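A.B. asks: Below you'll find the structure I mean.
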Amino acid sequence: KQEVTQIPAALSVPEGENLVLNCSFTDSAIYNLQWFRQDPGKGLTSLLLIQSSQREQTSGRLNASLDKSSGRSTLYIAASQPGDSATYLCAAPTGNQFYFGTGTSLTVIP
Amino acid sequence: NAGVTQTPKFRVLKTGQSMTLLCAQDMNHEYMYWYRQDPGMGLRLIHYSVGEGTTAKGEVPDGYNVSRLKKQNFLLGLESAAPSQTSVYFCASSPLGGTLGLTGAQYFGPGTRLTVL
Chain A
1 KQEVTQIPAA LSVPEGENLV LNCSFTDSAI YNLQWFRQDP GKGLTSLLLI QSSQREQTSG
61 RLNASLDKSS GRSTLYIAAS QPGDSATYLC AAPTGNQFYF GTGTSLTVIP
Chain B
1001 NAGVTQTPKF RVLKTGQSMT LLCAQDMNHE YMYWYRQDPG MGLRLIHYSV GEGTTAKGEV
1061 PDGYNVSRLK KQNFLLGLES AAPSQTSVYF CASSPLGGTL GLTGAQYFGP GTRLTVL
């Protein structure tokens, strides 16, 4: 069974800092890896999707990388802002299911 | 294009009552999923469907039933609600990426907050 781990569970940084969130998975037979953002009391919003054949994807200040051989993905957030405060989850589809990490709760301090 | 919608948004049940949560998607996606999210537990898959008329069990299926009579709808039923089923329920859908399987992104509904007293 695929297991997805996200470290750290919580992170607090001052505004303007660059930061990296980590996601690791045990089964490299994934189709892609997807990063989500979840605000308190809200649903999941897709941020980036990296296909298994790709190494990275970029959207604005966000850059996600994927290394299937090592079972790792990272989400890089540049010049963090208070509005980036949220929980970030990664998901790896294997077989017919998506497997989620428990998320990293990010707080950006003004 | 509404994406994935869920009905209702909030519900309070008494132990033993039954209810059905409705999920609808207008993106013609093959795959649909029901998750529950509890503090400290992350998202756990309850049931899923890989196409109209099909359903399969996920990680935590006990106490729930599902049906997918139409491609666009996926229903989650609680026959006899228990306090342990107090949670936030999310529905999601994903396209079938041809023979490559789940190459598409997953799209989520806004969630249903259920409290069982």
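Top to bottom, those sequences are chains A and B. Numbered by my numbering, the letters in the first sequence go through residues 1 to 110 in order. Numbered by my numbering, the letters in the second sequence go through residues 1001 to 1117 in order. The C-beta atom is built at its ideal place from N, Cα and C for all residues, glycine as well. Note that the structure is predicted; figures quoted are calculated from it, not measured.
(1) Since residue 1021 of chain B and residue 1107 of chain B are thought to touch, with beta carbons under 8 Å apart, how far apart are those beta carbons, to the nearest angstrom?
(2) So residue 53 of chain A is in the beta strand (DSSP E); what residue range does that whole segment cover?
(3) Report yes or no: is there a C-beta of chain B within less than 8 Å of the C-beta of residue 96 of chain A?
(4) For residue 7 of chain A, does the count of other Cβ atoms within 10 angstroms reach 16, so buried, or fall short, so exposed?
(5) Against chain A, does residue 1008 of chain B count as a neighbour if the rule is that its beta carbon must be under 8 Å from one of theirs?
(6) According to DSSP, is residue 34 of chain A part of a helix, a strand, or is it coil?
(7) In terms of alpha-carbon separation, which member of B/1079, B/1059, B/1053 and B/1070 lies closest to residue 1025 of chain B?
(8) Please list the partners that residue 1108 of chain B has in chain A, where partner means a Cβ-to-Cβ separation under 7 Å.
(9) Do you know whose CA, among B/1045, B/1018, B/1066 and B/1061, lies nearest residue 1055 of chain B's CA?
(10) Helix or strand or just coil, what does DSSP make of residue 84 of chain A?
(11) Specify the secondary structure class of residue 1085 of chain B as computed by DSSP and reduced to three states.
C.D. replies: Per the coordinate set shown:
(1) So it is not a contact: roughly 17 Å between Cβ atoms.
(2) It is not in any beta strand (DSSP E) - residue 53 of chain A carries neither H nor E in the DSSP assignment.
(3) yes
(4) exposed
(5) no
(6) Strand, per DSSP.
(7) Residue B/1070 is the option with its Cα nearest to residue 1025 of chain B.
(8) 43 and 44
(9) The closest CA to that of residue 1055 of chain B, considering only B/1045, B/1018, B/1066 and B/1061, is found on B/1066.
(10) helix
(11) helix
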